[in-house]
Amino acid sequence: MSKIKSIGRCLGEGADGSIWFFCDGCGGPHSIKVNSPGTPGPNWCYNGNPDTPTFTPSVLARTTGAPDGRSVMTDEEVLEYDAIYKSGGRDAVFASRFGKVCHSFVTDGRIQYLGDCTHALAGQTVVLPNWEESWAKW
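Written out as structure tokens, the structure reads:
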């Protein structure tokens, strides 16, 4: 992974121009491409303020992993995960107990976690955490 430099209280910036923020709900960073019309893939509008950022539209991060907030799957879970993937692909895994969703609005330096999040902060709004402190702990 390329180095992420701090550009404000709660944001980092990748060498490729991506903007990074730390998500307390997921316990890790999310990155988005901003203000880059004409480039492939999702793209967000950004107000340019690294201390109180606003991104539009909402940020949806989907991933998979160990259930129940654990970071490592048991051997049995690995077999189950593989069987689900083999039978239905990535979308089937997203729909299973291994699917994780983080869906939020980032507005004025706060992150509003929407109700479809699968982590404990679903439905809550919190201040974006300090980028450097969060990155160092991660």
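Residue numbers -8 to 129, in the working numbering, belong to the letters of the sequence shown in order. The C-beta atom is built at its ideal place from N, Cα and C for all residues, glycine as well.
Note on geometry: alpha-carbon atoms of residue 38 and residue 74 lie some 43 Å from one another. Bounds of the alpha helix (DSSP H) holding residue 85 are 66 to 86.
Rounded to the nearest angstrom, the gap between the Cα atoms of residue 124 and residue 12 is 12 Å. Less than 7 Å separates the beta-carbon of residue 41 from that of residue -2. Residue 7 is not a Cβ neighbour of residue 43, given a cutoff of 7 Å.
Secondary structure at residue 22: strand, using DSSP grouped into helix, strand and coil. Around residue 52, the same chain offers 21 and 93 as residues with beta carbons nearer than 6 Å, after the five sequence neighbours per side are excluded. Cβ-Cβ distances below 7 Å link residue 45 to 38, 97, 98 and 99 in the same chain, with the five nearest sequence neighbours on each side left out; the list follows chain order. Per DSSP, the unbroken beta strand (DSSP E) holding residue 52 starts and ends at 46 to 55. About 6 Å separates the Cβ atoms of residue 55 and residue 90, confirming a contact at the 8 Å cut-off.
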